[in-house]
Amino acid sequence: MQLGVIDFYGSVLNARQERATLVADNIANADTPNYKAVDISFAAALAAQLGSGANTGNVTSATAPLYRSDGVVGLNGNDVSLDTERVNAAANGEAIQAATVFLHQATTDMVTALRPNPSGI
């Protein structure tokens, strides 16, 4: 039996994880010549996850990463800004933590509701 809230937050966590991977790749390639920073649209990634019906797939297979257009290109052709990437990583990490807390609370509430009443009333 699949539950809507579990599927939804599973999809949210998959989309956020893919974004975390892309941000980590950007940070890792901050000194790579001609590397262009990439990111995904969270809304598009979540829609792809929810539309597929399965939340175990790779988000980038449905939504290709997009190049950022707001970066300043350095002398080596690289447009990764470590400050921007750190802010994106922190914001994405907070969103992952929030989704995890909501998912944990939802499953805790469900277990509490399914538990029999010990007083018998």
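Under my numbering, the first residue of the sequence shown is numbered 9, with each subsequent residue one higher.
Backbone N, C-alpha and C fix where the C-beta goes; we use that ideal spot for every residue, glycine too.
Taking 8 Å as the cut-off, the beta carbon of asparagine 100 is found no closer than this to the beta carbon of alanine 38. Contact between tyrosine 17 and leucine 90 fails: their C-beta atoms lie close to 30 Å from each other, not under 8 Å. Spanning the alpha carbons of arginine 76 and proline 124 requires a straight line of approximately 53 Å.
Boundaries of the alpha helix (DSSP H) harbouring aspartate 33: 12–36, taken from the DSSP string.
Contact check for glycine 79 against alanine 36 fails: the beta carbons are separated by 8 Å or more.
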